[in-house]
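Enquirer: For reference, the structure I am asking about is given below.
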Amino acid sequence: MKILVTGGAGFIGSNLVRQLVTEHGHDVLNVDALTYAGNRHSLADLEGNARHRLVQADICDAAAMQKLFADFAPDWVMHLAAESHVDRSIDGPGAFIQTNITGTFTLLQAARAHFEKLTCEARDRFRFLHVSTDEVYGSLGATGLFTEETPYDPHSPYSASKAASDHLARAWADTYKLPVLVTNCSNNYGPFQFPEKLIPVVILKALRGEAIPVYGKGENIRDWLYVADHAEALHTVISKGRIGQTYNIGGNNERRNIDLVRLLCALLDELRPRADGLSYTKQITFVTDRPGHDLRYAIDATKIKTELGWTPKQDHTSGFRQTVQWYLDNETWTSAILNGSYKLERLGSAAPD
Ligand code: NAD
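Letter by letter, the sequence shown follows residues 1 to 353 of full-length UniProt numbering.
Set out below in structure tokens:
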């Protein structure tokens, strides 16, 4: 298949693109604006691979998107490009409205124009997968799970902008018969996650001897999924999912933030002990809670499991261990971000060729 992936230089996107190219043998056009979160070092191993091409372009640029669709003629679109960090959305919501809502609208329009020109056979093959988050469902109490029928109740500018984009994607399916699928996934972890998200923050602050910040009392609960399992779920949904359907994706792996932080500290104690022999837990510092911080997210992934046969493969404990080990083994990748040098190595042109 020819797959147009948006946001493929980000955390999940780079893991997905690698899997699509090296494990499934697809041809990928990777469309990414290379914002602060996009990093072509995350795709260094695919350099020279004829099945992958990275084009620096903004999904809000209608002319660029139309040209990319016309030139590449994708069979599938996997839309991951987004502003994705909740704290940034609180400090500066404008970029979230622009990319997540206007950008998704622009991409849907380009996909629609492309779809309407296809032959019947190519239309049967065409799919648009919109990748979203469980945060659109709002906050759970101590019990219960988000299902595909849970009403939307977003609380942060990030989750509200993703909710809006989900509604747009479904509206393009209902109104224009674009073959859209939507996925809503829980928190991902694994290699190549930008060091502003909880797990890399904990690991890198710990290693630098800095305070490890934990919001509130660390009581918030998240369901964690290994990124390669998410990527495989996305491939399963676009290959086998029913058009117009939504699939929740989760790891059945709920953790209180404080328990996860302690686990990461314990793994570091074992894999890279502090010089003074004390535990990294000494560095944990509780900080003022995030405004509107949802208490608990948890996914019911029964539908994707029973209907499409997907289940996560990664064992939870070994997944966190592998992730800590990956950050220990890839300090060049993280230090290029921390010293800003990764930003200097942009692609030559902002326009698609
Ligand atoms: P990320 O921030 O690591 O990557 C986002 C990518 O999108 C970056 O490469 C960035 O350069 C690109 N991008 C941003 N604005 C763009 C624009 N206007 N045009 C083109 N490219 C642009 O995000 P991520 O964590 O990999 O998340 C990917 C997707 O998965 C997002 O849609 C997010 O909402 C969703 N999601 C993430 C998680 C998670 O735990 N990280 C969980 C569920 C769903």
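Where is the CB? At the ideal position from N, CA and C, for every residue including glycine.
Please read these numbers as outputs of a predicted model, since none were measured by experiment.
Considering only residues of the region 62-103, which uninterrupted beta strand (DSSP E) runs meet the minimum length of 3 residues and lie entirely inside it, listed in chain order?
Expert: Whole beta strand (DSSP E) segments, 3+ residues: 76-79.
Enquirer: Can you grab the Cα-Cα spacing for the pair tyrosine 36 / lysine 343, in whole Å?
Expert: By 1-based counting over the sequence shown, the position of residue 36 is 36. By 1-based counting over the sequence shown, the position of residue 343 is 343. If you take the alpha carbons of tyrosine 36 and lysine 343, they lie about 7 Å apart.
Enquirer: Asparagine 248: buried (16+ other C-beta within 10 angstroms of its C-beta) or exposed?
Expert: Mapped onto the sequence shown, residue 248 falls at position 248. Classification for asparagine 248: buried.
Enquirer: If you run the structure through DSSP and keep just helix, strand and coil, what is isoleucine 337?
Expert: Reading the sequence shown from its first residue, position 337 is the one you call residue 337. Isoleucine 337: helix per DSSP, three-state reduction.
Enquirer: Excluding the five sequence neighbours on either side, which residues of its own chain have a C-beta within less than 6 Å of the C-beta of histidine 316, listed in chain order?
Expert: Here residue 316 refers to the residue found at position 316 when the sequence shown is read from its first residue. Excluding positions up to five away in sequence, the list reads Asn253.
Enquirer: Given that a residue counts as buried once 16 or more other Cβ atoms are within 10 Å of its Cβ, and exposed if not, what is leucine 80?
Expert: In the sequence shown, the residue the question calls residue 80 occupies position 80. By the neighbour-count rule (16 or more Cβ atoms within 10 Å), leucine 80 is buried.
Enquirer: According to DSSP, what are the bridge partners of glutamate 254?
Expert: To locate residue 254, count along the sequence shown from 1; it is residue 254. Asp223.
Enquirer: Identify, in the order they occur along the chain, each residue of the same chain with its Cβ nearer than 7 Å to the Cβ of serine 42, setting aside the five sequence neighbours on each side.
Expert: For the purposes of this step, residue 42 is identified with residue 42 of the sequence shown, where counting begins at 1. Once the five neighbours on either side are set aside, the close Cβ partners of serine 42 are Ala9, Ser14 and Phe192.
Enquirer: Going straight from the alpha carbon of cysteine 185 to that of alanine 62, what length do you get?
Expert: Translated into positions along the sequence shown, residue 185 becomes position 185. Translated into positions along the sequence shown, residue 62 becomes position 62. Approximately 28 Å between the Cα atoms of the pair.
Enquirer: Under the assumption that threonine 99 contacts glutamate 83 (Cβ atoms under 8 Å), give the Cβ distance between them as a whole number of angstroms.
Expert: In the sequence shown, counting from the first residue as 1, residue 99 sits at position 99. In the sequence shown, counting from the first residue as 1, residue 83 sits at position 83. About 5 Å; that satisfies the 8 Å criterion.
Enquirer: Return the CA-CA distance between glutamine 283 and leucine 140, expressed in angstroms with no decimal places.
Expert: As a first step, residue 283 is located in the sequence shown; it is residue number 283 there, counting from the start. As a first step, residue 140 is located in the sequence shown; it is residue number 140 there, counting from the start. Going from the Cα of glutamine 283 to the Cα of leucine 140 covers about 30 Å.
Enquirer: Exposed or buried, which one is aspartate 223 when buried takes at least 16 other CB atoms within 10 Å?
Expert: Position 223 of the sequence shown, counted from the first residue, corresponds to residue 223. Counting Cβ neighbours within 10 Å, aspartate 223 comes out buried, since at least 16 surround it.
Enquirer: Within the same chain, show all residues whose beta-carbon is closer than 6 Å to that of histidine 26, passing over the 5 residues directly before and after it, in chain order.
Expert: Residue 26 sits at position 26 when you count from the first residue of the sequence shown. Closer than 6 Å at the Cβ level, and outside the excluded window around histidine 26, lie Met1, Ile3 and Leu20.
Enquirer: Classify aspartate 166 as buried or exposed, calling it buried when 16 or more other Cβ atoms lie within 10 Å of its own Cβ.
Expert: The residue labelled residue 166 in the question sits at position 166 within the sequence shown. Result: buried.
Enquirer: Under the three-state reduction of DSSP, which class applies to alanine 350: helix, strand or coil?
Expert: The residue labelled residue 350 in the question sits at position 350 within the sequence shown. Caution is warranted here: a pLDDT of 27 is assigned to alanine 350, below 50, making its placement in the model unreliable, and no coordinate value can be reported.
Enquirer: With C-beta atoms as the reference, is valine 287 less than 8 Å away from proline 200?
Expert: By 1-based counting over the sequence shown, the position of residue 287 is 287. By 1-based counting over the sequence shown, the position of residue 200 is 200. No.
Enquirer: Which same chain residues, not among the five before or five after arginine 127, have their C-beta less than 6 Å away from its C-beta?
Expert: Locating residue 127 in the sequence shown gives position 127, counting from the first residue. Hits under 6 Å: Trp76, Pro179 and Ile238.
Enquirer: So threonine 236 and tryptophan 172 are supposed to be a Cβ contact under 8 Å. How far apart are they, rounded?
Expert: In the sequence shown, counting from the first residue as 1, residue 236 sits at position 236. In the sequence shown, counting from the first residue as 1, residue 172 sits at position 172. Not quite, the Cβ-Cβ distance comes to about 22 Å (not below 8 Å), so this is no contact.
Enquirer: In the DSSP assignment, the beta strand (DSSP E) including valine 28 goes from what residue to what residue?
Expert: Start at 1 with the first residue of the sequence shown, and residue 28 comes out as number 28. Where valine 28 is concerned, the enclosing beta strand (DSSP E) stretches over 27-32.
Enquirer: Within the present structure, is the beta-carbon of valine 131 separated from the nearest heavy atom of the ligand NAD by less than 7 Å?
Expert: In the sequence shown, counting from the first residue as 1, residue 131 sits at position 131. It does: the Cβ of valine 131 is within 7 Å (strictly closer) of some heavy atom of the ligand NAD.
Enquirer: Taking histidine 52 as part of the beta strand (DSSP E), name the residues at either end of that continuous run.
Expert: Here the question's residue 52 lines up with position 52 in the sequence shown. Counting along the chain, the beta strand (DSSP E) containing histidine 52 begins and ends at 52-56.
Enquirer: Determine, using beta-carbon pairs with one atom in the region 149-167 and one in the region 313-327, whether at least three such pairs fall under 8 Å.
Expert: They do not touch, by the three-pair rule.
Enquirer: Taking the alpha carbon of residue 354 as the point to measure from, which residue in Asp87, Glu307, Gly190 and Val227 has its own alpha carbon closest?
Expert: Only positions 1 to 353 of the chain appear in the structure, and residue 354 is not among them; the question remains open.
Enquirer: Following a CB-centred definition, is alanine 171 positioned closer than 7 Å to any heavy atom of the ligand NAD?
Expert: Here residue 171 refers to the residue found at position 171 of the sequence shown. No, Cβ of alanine 171 sits at least 7 Å from all heavy atoms of the ligand NAD.
Enquirer: Exposed or buried, what is glycine 250 when buried is set at 16 or more other beta-carbons lying within 10 Å of its beta-carbon?
Expert: In the sequence shown, the residue the question calls residue 250 occupies position 250. It is buried - the Cβ of glycine 250 has at least 16 other Cβ atoms within 10 Å.
Enquirer: Going by beta carbon distance, what residues of the same chain come within less than 8 Å of arginine 51, once the five residues before and after it are set aside?
Expert: The count along the sequence shown starts at 1 and reaches residue 51 at position 51. The answer, listed in chain order, is Val21, Gly25, His26, Asp27 and Val28.
Enquirer: Going by beta carbon distance, what residues of the same chain come within less than 6 Å of arginine 18, once the five residues before and after it are set aside?
Expert: If you number the sequence shown from 1, residue 18 lands on position 18. Nothing listed; no residue qualifies.
Enquirer: In chain order, what residues of the same chain have a beta carbon less than 7 Å from the beta carbon of phenylalanine 96, not counting five sequence neighbours either side?
Expert: The count along the sequence shown starts at 1 and reaches residue 96 at position 96. Hits under 7 Å: Glu83, Ser89, Pro157, Tyr158 and Ser161.
Enquirer: Does DSSP put proline 157 in a helix, a strand or coil?
Expert: In the sequence shown, the residue the question calls residue 157 occupies position 157. Proline 157: helix per DSSP, three-state reduction.
Enquirer: Run the proximity test for asparagine 188: is its beta-carbon closer than 7 Å to any non-hydrogen atom belonging to the ligand NAD?
Expert: Residue 188 sits at position 188 when you count from the first residue of the sequence shown. Indeed, a heavy atom of the ligand NAD lies less than 7 Å from the Cβ.
Enquirer: Going by other Cβ atoms of all chains shown within 10 Å of its Cβ, with 16 needed for buried, is leucine 46 buried or exposed?
Expert: As a working note, residue 46 is residue 46 in the sequence shown. So leucine 46 ends up on the buried side.
Enquirer: Would you report the Cα separation of cysteine 265 and arginine 321, rounded to the nearest angstrom?
Expert: Reading the sequence shown from its first residue, position 265 is the one you call residue 265. Reading the sequence shown from its first residue, position 321 is the one you call residue 321. Whole-angstrom Cα-Cα distance: 11 Å.
Enquirer: Alpha carbon to alpha carbon, how far is alanine 111 from tyrosine 280?
Expert: Indexing the sequence shown from 1 puts residue 111 at position 111. Indexing the sequence shown from 1 puts residue 280 at position 280. Approximately 49 Å, taken between the alpha carbons.
Enquirer: Express the C-alpha separation of alanine 73 and valine 261 in angstroms, rounding to a whole number.
Expert: Looking up residue 261 in the sequence shown gives position 261. Looking up residue 73 in the sequence shown gives position 73. Cα to Cα, valine 261 sits roughly 45 Å from alanine 73.
Enquirer: What does DSSP give as the partner residue(s) for histidine 130 in the beta ladder?
Expert: Sequence index remark: in the sequence shown, residue 130 carries index 130 (1-based). Answer by DSSP bridge pairing, in chain order: His79 and Val182.
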